[in-house]
Amino acid sequence: MRCLLIPVLTLIPVLALSDGMPASEDATVGKAVYSQTCVACHGVNGKGTIPGVTDFTGKDSPLRKSDAKLVNNISEGFQSPGSFMAMPAKGGNPTLTEADVRAVLAFLRAEFGT
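If you want it as structure tokens, here you go:
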């Protein structure tokens, strides 16, 4: 019994730190959220459909930033320096949860790189 208990107990902190959802599942959820909330401005191809909207595919893609910075930008809203466009908090969808925001980020990284 002790032989089984030690490996199980060592896994508890690891499981507690994870959100319980593999990145591929996050990206799948994120794609659905992106389609509902983000695609109108950022487009299916991530290049932006409105002048001044962030292009996720270019060399200056914001996806080069850290997860923490991007989660904050999505959650709180963001205006790129020199751009007349500003993204509203949560893309204008106040029902988005932090899990939704992280899932969108997982999708963006999987779909458009970095």
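In mature numbering (1 follows the signal peptide of the UniProt record, and there is no 0), the protein residues as written are -18 to -1, 1 to 96.
Don't be surprised by glycine CBs; every beta carbon is placed ideally from N, CA and C.
Along the chain, where does the alpha helix (DSSP H) that runs through residue i open and close?
| i | result |
| --- | --- |
| Leu90 | 80 to 94 |
Taking residue i and residue j to be in contact with their CB atoms under 8 Å, please state how far apart those CB atoms are, rounded to whole angstroms.
| i | j | result |
| --- | --- | --- |
| Cys23 | Gly30 | 7 Å |
| Gly28 | Glu93 | 7 Å |
Looking at the structure shown, is residue i part of a helix, part of a strand, or coil, going by DSSP?
| i | result |
| --- | --- |
| Thr77 | coil |
Which runs of the alpha helix (DSSP H) at least 4 residues long sit entirely within the stretch 2 to 52? Give them in chain order. 5 to 15, 21 to 24
Check whether the stretch 76 to 94 and the stretch 54 to 65 touch, using three or more Cβ-Cβ pairs below 8 Å as the test. yes
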